[in-house]
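Just below is one structure, and these are the notes that go with it.
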Ligand SMILES: *Cc1c(COP(=O)(O)O)cnc(C)c1O
């Protein structure tokens, strides 16, 4: 590591979170963990393995490409593509035993017109794609709208030689809000659709609706499967959301101080000189910027942790660096490790200590020293997200591929 900026992916935390969520479910209820968008920034493969170890039965991704990556990594668990898939994509998915989402008659018509020469190697039968029918009950994003249209689509899928109706689902727009009025209405519409499909003599397969917030709040909305993302990674879906089970963050970001400077009254910091020293102060530079996923909107708002104390971000966050005020923190030196988010860095983490270790040994040492501090305080992504005017989801996804991730072994 030549630039002392790195993330820790705590796979044990993901596993424990999934296990805790699992404990809220009926034993027969399936638990899909969303590992789309590179596992919410944690790494799709590591997140998937951690989730499956914690009791997840299924994985959710956004595209067939993401699903194929998991298959290529040797993951054999059921995968559902939650986004829209082209007809060619449905075939590619079927070949790898990946289920897809269909939200309108277009997908069914296109696959009907395709020649599928592929046969199942084991049975010799022509491949069928497992399809989950998406119902739009109030998100207005994806899915069939209205009871009759849903039943009609279920019938088309059911009677298509290419497709097999494996599930019916919807997505909730407001399940993390204090008032569940909108969500109650969505679930009621969903129940009506599922009942109508059943009344038409079609087996709906796996019925599912709940995301993290709905899963944690409403056991009566679990149906046959729940789909959790953010809670598996240790956060509530909204700031202040109270989880009934303890959740631990999976993602932690650190940088070692590259310079400490003394500023005089009137000196300014960073682009645009948006911060002016009103006293003599000490300012530390960190090798982390918005290109790493630390948003520019955090300029002059957020703080980082140095020596277990808060150091406010001063001036604008640059592409690759940012500055923090360490005036009130004694003995801050170049090389000391700062916590951008997640568990406070252990005191032994310094640039020197890291430089003295070869890559493999470094990862092991980081993992051991991190794990030894299991009870340490956490700088929450919810706090940063609030400063940045966004949600923890976006901050996780924004962690750049250029930041080396130390993935702790399970
Ligand atoms: C991402 C996703 C989820 C998970 O949502 P969280 O709020 O992260 O729990 C559930 N369902 C669908 C359709 C999704 O795309």
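In the numbering used here, the protein residues as written are 97 to 506. Note that the Cβ used here is the ideal one computed from N, Cα and C, for glycine as well.
Contact under 8 Å by Cβ, residue 389 with residue 494
yes
Note down the Cα distance separating residue 223 from residue 406, rounded to an integer number of angstroms.
58 Å
Cβ shell of residue 253 (< 8 Å), same chain only, five flanking positions each side left out:
So the list reads 198, 204, 227, 229, 259, 260 and 261, once near-sequence residues are dropped.
When the distance is taken between beta carbons, is residue 325 closer than 8 Å to residue 105?
Annotated as distal: residue 105 and residue 325, with beta-carbon spacing of 8 Å or more.
Tell me whether residue 326 counts as near ligand 3, meaning its Cβ is closer than 7 Å to at least one heavy atom of that ligand.
Judged by which ligands are present, ligand 3 is missing from the structure shown, whose ligands are ligand 1.
For ligand 1, any of its heavy atoms closer than 7 Å to the Cβ of residue 323?
yes
Cβ shell of residue 139 (< 7 Å), same chain only, five flanking positions each side left out:
105, 501 and 503
Of the residues 103, 129 and 109, the one placed nearest residue 304, counting alpha carbons only
Among 103, 129 and 109, the Cα nearest to that of residue 304 belongs to 129.
Could you pull out every residue in the same chain whose Cβ sits closer than 7 Å to the Cβ of residue 464, ignoring the five residues on either side in sequence?
none
Give a single yes or no on whether residue 312 has its beta carbon closer than 7 Å to a heavy atom of ligand 1.
No, the Cβ of residue 312 stays beyond 7 Å of every heavy atom of ligand 1.
Helix, strand or coil at residue 377 according to DSSP, with G and I counted as helix:
strand
Give the range of the alpha helix (DSSP H) segment to which residue 221 is assigned.
That residue, residue 221, is in no alpha helix (DSSP H); it is neither H nor E in DSSP.
When you compare only the Cα positions, how much space is there between residue 333 and residue 457?
36 Å
C-alpha distance - residue 376 paired with residue 358, whole-angstrom precision:
7 Å
Residue 406, enclosing beta strand (DSSP E) - first and last residue
Going by DSSP, residue 406 is part of the beta strand (DSSP E) stretching over 405-410.
Taking only heavy atoms of ligand 1 into account, decide whether any of them is closer than 7 Å to the Cβ of residue 178.
yes
Residue 323 in three-state terms, based on DSSP
DSSP, reduced to helix, strand and coil, places residue 323 within a strand of the structure shown.
Residues bridged to residue 67 (per DSSP)
Outside the displayed span of the chain (97 to 506) sits residue 67, for which this structure offers no information.
If we ignore side chains and look at the alpha-carbon of each, how far apart do residue 441 and residue 404 end up?
8 Å
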